[in-house]
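Just so you know, the sequences run in chain order G and C.
Read in the working numbering, the first sequence has 65 at position 65, and its numbers run on one by one without any break.
Read in the working numbering, the second sequence has 625 at position 484, and its numbers run on one by one without any break.
We treat Cβ as the ideally placed atom computed from N, Cα and C, and that holds for glycine.
No experiment lies behind these values; they were computed from the predicted model shown.
Only one structure is covered here, and it is reproduced in the block below.
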Amino acid sequence: MNNTQVLHPAHEPDATKHSTGYHPSGDGGSWFAACAVHDVPDNGGVCVKYGEEQIALFKFSRRGEWYASQNLCPHKQQMALSRGMIGSHNSEPKVACPFHKKTFSLKTGECLSGDECSIKTYPVKIENDLVYIGITAGGND
Amino acid sequence: MKLVIIGNGMVGYKFCEKLLTKTEAQKFDITVFGEETRPAYDRVHLSEYFAGKSADDLAMAPTDWYASHNIKLHLGDPVTHIDRENKQVTSHLGITLSYDYLVLATGSSAFVPPIPGVEKEGVFIYRTIEDLELMTAYAKKARKGAVIGGGLLGLEAAKAMIDLGITDTHVIEFAPRLMPRQIDEAGSKILQRKLESLGLKIFTNKNTSSIVGHPHISAMEFTDGSSIAVDMLVISAGIKPRDELARQCGLETGNRGGIVVNNHMQTSDPAIFAIGECALYKGMIYGLVAPGYAMADAAIAKIISLDTPSGDGGFTGYDMSTKLKLIGVDVASFGDPFISGDDCRTVVFEDTVKGIYKRINVSADGKHLLGGILIGDAEAYNMLLQTCKNKVVLPPNPEDVILGSRGGSEADAGAGVAGLPGDALICSCESITKDAICNAVTANGCETVDSIKKCTKAGTGCGGCVPMIKDLVLHTMKAQGKYVRNVLCEHFSYSRQELYDLVKLKQLTSYDEVLDTVGHGDGCEICKPAISSILASLWNDMILKKGNDTAQDSNDRYLANIQKGGTYSVVPRIPGGEITPDKLIVIGEVAKKYHLYTKITGGQRIDLFGAHLSDLPDIWSELIAGGFESGHAYGKALRTVKSCVGSTWCRFGLHDSVSFAIRIEERYRGLRAPHKLKSAVSGCIRECAEAQSKDFGIIATEKGWNLYVCGNGGSKPQHALLLATDLDSETCIQYIDRFLMFYIKTADPLTRTATWLNKMEGGINYLRNVVVNDSLGIAGQLEAEMQLLVDNYKCEWKEVVETPELRKRFNHFVNAPAEKDPTIAFDDMRGQKKAKW
């Protein structure tokens with residue numbers, strides 16, 4: 001896996017900070033240092049606490065990619081997406097909720113199982129073995 | 142254009158959903174008024190509310206569905222006045238709106254006969270979730286219940302009473318028999334006997350004269366002078382169309398209620414439509430949901446085309462064929478169930494032992510099916526309904542359609558699909574024909590049930606037609622000359638059986654290796670658990686080994702069962718259901734310490750619910766210290782081997798069924814398979830362990846053990862079939878080894894043994910040849926493979942408890958390991974907790 005990469009980048013990388021916490025990036029958004037790269041299992045997810053919110057973070061080792069989304073599955077409002085299996089559908093990366101196997105695109109958040117609900121996704125970047133999640137300004141809804 | 146819909150029931154909702162699929166929908170400004178405070182919910186499955194479904198589970202669509210489709214929804218605000226002259230409606234809360242078109246979907250209410258005393262406390266109707274909530278609250282203090290009405294709804298209500306814990310329930314029917322509108326007298330008798338055997342007390346020919354008690358009901362008196370003591374009564378004697386608004390504004394209504402409509406569902410005012418149970422079409426009220434949906438279609442077509450002169454078409458009445466499960470008993474009627482006389486011949490099959498009654502009415506020339514009734518076993522309903530509706534020519538012996546072409550198997554059903562004409566209605570909820578489904582396969586390239594669902598909506602309603610859709614897809618693909626390969630998913634062009642052989646041959650040991658070697662792409666939630674299961678069935682390595690952990694299904698990944706709200710349940714193995722007092726104390730202590738809800742399972746074990754993810758390793762650690770191990774309740778694996786107490790205590794027992802059950806359970810514990818496996822051992826033919834409903838079941842005989850295989854409980858119960866008789870213990874285990882390994886190697890993913898056998902060419906005879914007579918010459922190999930798995934068994938919980946790297950994965954937050962999920966909450970119920978949801 002590459003040591004530094006930015007997935008669907010929303011902001012310029014904030015160069016050197018390593019500690020966990022908020023990292024203002026200058027234009028209203030910020031990068032939040034979530035955990036170390038090795039804290040996340042290969043091709044799996046973990047749940048990240050961000051204030052009162054829960055973010056599902058996925059290390060898609062097979063594709064050399066990282067993704068983040070809301071942890072709440074909108075189908076039956078269960079805090080569970082980080083425990084779901086990831087995979088792809090026609091090369092679109094996706095996560096399947098462990099409860100009823102509704103699948104969502106990790107890129108767009110769109111439900112791929114024909115439902116109308118969707119999930120919020122976040123940009124992720126890796127720097128010096130730390131995983132940063134991009135939080136957009138004005139809340140996360 | 143302003144469109145106002147009065148009523149947000151199933152049909153009112155469906156009207157909106159169907160309208161939105163039309164391109165013209167954007168022309169309309171849609172407002173819905175609903176009397177209830179909840180958005181539309183599934184009233185058909187109301188009784189499941191007692192069986193644990195929540196109001197949310199029953200919702201047709203979430204509340205925000207309406208807003209996101211620009212539909213203004215006013216709940217708890219019924220329309221109280223219609224001003225036809227100015228085309229305006231006024232609601233209870235004072236909203237006045239003008240309309241171009243008005244749709245009345247006001248439904249029906251319960252018909253309450255004028256019996257003195259109906260107003261007393263403890264007398265209920267059964268119609269809405271609110272009714273159910275009132276009943277639930279009252280039922281706590283009630284012991285003897287009664288239902289007035291032995292029709293479809295009345296029996297549903299009786300089921301609700303039983304679910305509420307009132308096992309002493311009477312059903313009072315005015316007519317001489319149950320369900321007089323749907324089934325004939327002989328069928329009613331069988332149904333009645335069957336329901337009585339389940340504990341219901343049924344009175345027919347009974348006319349209630351008064352309801353006694355003050356202030357709440359204490360007894361019912363009947364016109365024949367008799368009486369019964371009851372403390373709770375549900376009246377379910379029929380429905381009454383909600384036509385009061387229509388009457389008030391002068392629309393034409395029927396003498397016995399209902400808003401008169403034409404075939405476009407227009408009332409006597411062409412700008413006002415009525416659909417569903419409030420509409421009276423050709424003197425008939427349609428009290429089922431499917432015709433209501435068809436009415437919604439007709440009304441939409443008319444409203445959209447009103448500007449242009451419309452053709453004919455519209456609603457032309459509806460087949461009232463129906464199939465339902467009443468208190469676990471299948472009841473179905475289709476076509477004309479009662480027809481008799483010179484124009485028809487009737488075939489009746491009656492089995493009073495099993496409570497099965499089947500009647501078919503066949504045309505005088507024996508060619509066509511005119512109608513029929515099925516009680517106790519309605520498996521053939523879909524096929525019979527299609528045969529009847531589409532005038533499919535019957536086989537030379539028409540009785541074959543209810544008795545089966547004896548010795549045959551499910552293959553008949555597939556052939557049946559091919560014989561249907563193109564306009565045969567396959568999905569009656571969404572009105573999808575055979576042609577539409579076949580067309581989706583040939584023109585749109587749909588090759589799975591899911592893609593058919595997406596493309597046509599077929600199968601998205603009650604789901605009853607899904608097996609037929611599957612058959613149709615396969616049949617159409619074969620007809621196109623496509624080689625139908627039963628491939629796992631888009632990432633593997635192999636069937637499970639082929640993959641099993643490949644993984645074994647190439648000695649692959651991790652999911653990624655398998656994907657790299659014989660698959661493509663990134664994998665998905667279908668192939669990951671299937672391959673993981675194959676790997677476990679072949680090598681029996683620890684499933685959470687690095688690299689394989691995230692390829693496990695979620696429950697396997699956390700070695701526990703995820704439950705509502707995101708907590709887990711823990712089931713330690715209790716082989717054969719035998720447990721010492723000391724071990725019971727350990728379970729009790731662990732449950733207390735971690736604040737877990739405890740319940741005895743159907744498989745003679747104890748389930749501990751409500752565990753936080755991060756507590757799991759600690760809980761296991763304490764259970765292991767107390768002598769327990771994983772029960773694999775989370776895996777597609779051997780669950781439990783149930784047993785009766787057997788010859789050690791029981792005066793009838795022939796052999797020691799508990800000891801044998803423990804031996805079997807310990808031999809196959811942790812065995813991963815295409816689906817879960819259940820077993821049981823009974824010590825005599827009384828069969829207290831219910832071995833004949835298991836994947837493999839053993840029953841003691843005078844001379845040894847009888848081995849039954851491929852039984853199933855659950856949603857589609859199937860009796861196990863006798864594989865071999867009078868076996869000694871060693872041979873019995875040998876046969877089970879071969880049977881299980883053969884199943885593991887050849888079954889499709891998520892296929893229980895019963896379904897596996899049903900699809901097997903040659904059926905039980907073939908299976909017996911392989912397992913008992915070793916017709917393939919693989920018996921030795923199967924036994925050796927099983928022995929390898931048995932030898933490699935380790936308790937997965939123990940490995941997690943002892944491995945810090947694995948334990949780490951059980952924290953909820955990666956960046957706050959000490960914190961638990963703050964969204965988890967519980968309510969109290971009967972001195973324990975339950976998921977707050």
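- Counting along the chain, C/H616 sits inside the alpha helix (DSSP H) bounded by residues V607 to A620.
- The beta carbon of G/V48 falls within 8 Å of a beta carbon belonging to chain C, placing the residue at that interface.
- Contact between G/V40 and G/V46 holds, with the beta-carbon distance rounding to 5 Å and staying under 8 Å.
- For the pair G/A80 and C/G664, the CB atoms are not nearer than the 8 Å cut-off.
- Of all residues in the region 662–685 of chain C, only G662, D663, G664, C665, E666 and K669 place a beta-carbon less than 7 Å from a beta-carbon of chain G.
- Secondary structure of C/C587 (DSSP, three-state): coil.
- Residue G/Q78 holds the alpha-carbon nearest to the alpha-carbon of G/C97 among G/E110, G/Q78, G/D115 and G/H89.
- Within the region 714–800 of chain C, the complete alpha helix (DSSP H) segments of 4 residues or longer fall at 722–734 and 757–766, listed in chain order.
- In this structure, C/G328 places its C-beta atom within 8 Å of the C-beta atom of C/Y498.
- Beta-bridge partners assigned by DSSP to C/M970: C/Q973.
- Put simply, the CB of C/T892 is far from chain G, with every gap to its CB atoms at 8 Å or more.
- A check of alpha carbon separations from G/I135 across G/A68, G/S105 and G/G64 identifies G/A68 as the nearest.
- In the DSSP assignment, C/I343 is bridged to C/V312.
- Annotated as proximal: C/A437 and C/K155, with beta-carbon spacing under 8 Å.
- Interface annotation, G/T121: not in contact with chain C, CB-CB separation never under 8 Å.
- The beta-bridge partner set that DSSP reports for C/T277 is empty.
- When secondary structure is reduced to three states using DSSP, C/A370 falls in the strand class.
- Using beta-carbon distances, G/K101 counts as an interface residue toward chain C, with a partner under 8 Å.
- With contacts defined as CB atoms closer than 8 Å, C/D325 and C/R500 qualify as a contacting pair.
- Taking a Cβ-Cβ threshold of 7 Å, the residues of chain G close to C/G688 are D42, in chain order.
- C/T781 and C/R746 do touch by the CB rule: their CB atoms are close to 6 Å apart, below 8 Å.
- With fewer than 16 other Cβ atoms inside 10 Å of its own Cβ, C/D483 counts as exposed.
- In the three-state reduction of the DSSP assignment, C/M882 falls in the helix class, which pools H, G and I.
- Contact annotation, C/F456 with C/A435: C-beta distance approximately 6 Å; criterion of less than 8 Å satisfied.
- Under the Cβ criterion (8 Å, minimum of three pairs), the region 770–789 of chain C counts as touching the region 816–831 of chain C.
- If you look at C/N910, you'll find it in the alpha helix (DSSP H) that goes G904 to V912.
- Taking the Cα positions, C/C570 is about 37 Å away from C/A966.
- Sequence-distant Cβ neighbours of C/K835 in its own chain, meaning closer than 7 Å and more than five residues away, are K819, S820, A821, G852 and A861.
- Our two residues, C/L679 and C/K282, have alpha carbons roughly 55 Å apart in a direct line.
- If you look at C/P945, you'll find it isn't in any beta strand (DSSP E); it sits in the alpha helix (DSSP H) that goes P945 to R948.
- Counting only the Cα atoms, C/I720 lies some 19 Å from C/H796.
- With fewer than 16 other CB atoms across the displayed protein chains lying within 10 angstroms of its CB, C/S195 is exposed.
- Sequence-ordered contacts of the region 694–710 of chain C with chain G read D694, S695, N696, R698, Y699, I703, K705, G706 and G707 [C-beta pairs closer than 9 Å].
- Going by DSSP, G/C35 is part of the beta strand (DSSP E) stretching over S30 to A36.
- Rounded to the nearest angstrom, the gap between the Cα atoms of C/G600 and C/C606 is 6 Å.
- Taking a contact to require three or more Cβ pairs closer than 8 Å, the region 243–250 of chain C and the region 410–425 of chain C qualify as touching.
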